[in-house]
Amino acid sequence: MSLKAAQEDPWPQVAQRIGEVVTGPVTYIVPFGVFVHVEDREDGFQGLVRIGGPADTPVERPEDAVRVGDILTVKITDVDLPGRRILLSLAPAPTAGS
Numbered sequence: 005m006s007l008k009a010a011q012e013d014p015w016p017q018v019a020q021r022i023g024e025v026v027t028g029p030v031t032y033i034v035p036f037g038v039f040v041h042v043e044d045r046e047d048g049f050q051g052l053v054r055i056g057g058p059a060d061t062p063v064e065r066p067e068d069a070v071r072v073g074d075i076l077t078v079k080i081t082d083v084d085l086p087g088r089r090i091l092l093s094l095a096p097a098p099t100a101g102s
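When you line the sequence shown up against this note's numbering, it's residues 5 to 102, in that order.
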């Protein structure tokens, strides 16, 4: 038995965070969006922010909007437990006094 198998599955706790606004760095860019690291831990979770297309912004390519390492404020909008995926949306940055 591996050490990982003996630990509690963290995904149900992530699903309880739907609606939470977090900040994190962009870890990599794909043609349809960017992945953002949403936890401070080294082994934390990453989620996808879809960028481009008519519903989001006039930006056609994610690399036109952000770069790897940029810090984004995002909202956890959905967690697919069986697929082990986190969907994020861009959120307004917190303002002073918020």
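Where a beta carbon is used, it is the ideal one built from N, C-alpha and C, also for glycine.
These figures come from a predicted structure and were not determined experimentally.
- DSSP, reduced to helix, strand and coil, places residue 17 within a helical segment of the structure shown.
- Taken through DSSP and simplified to helix, strand or coil, residue 84 comes out as strand.
- Residue environment for residue 80: buried (at least 16 other C-beta atoms within 10 angstroms of its C-beta).
- For residue 29, no alpha helix (DSSP H) encloses it; the enclosing beta strand (DSSP E) starts and ends at 25 to 34.
- Residue burial annotation: residue 14 is exposed, with fewer than 16 other C-beta atoms found within 10 angstroms of its C-beta.
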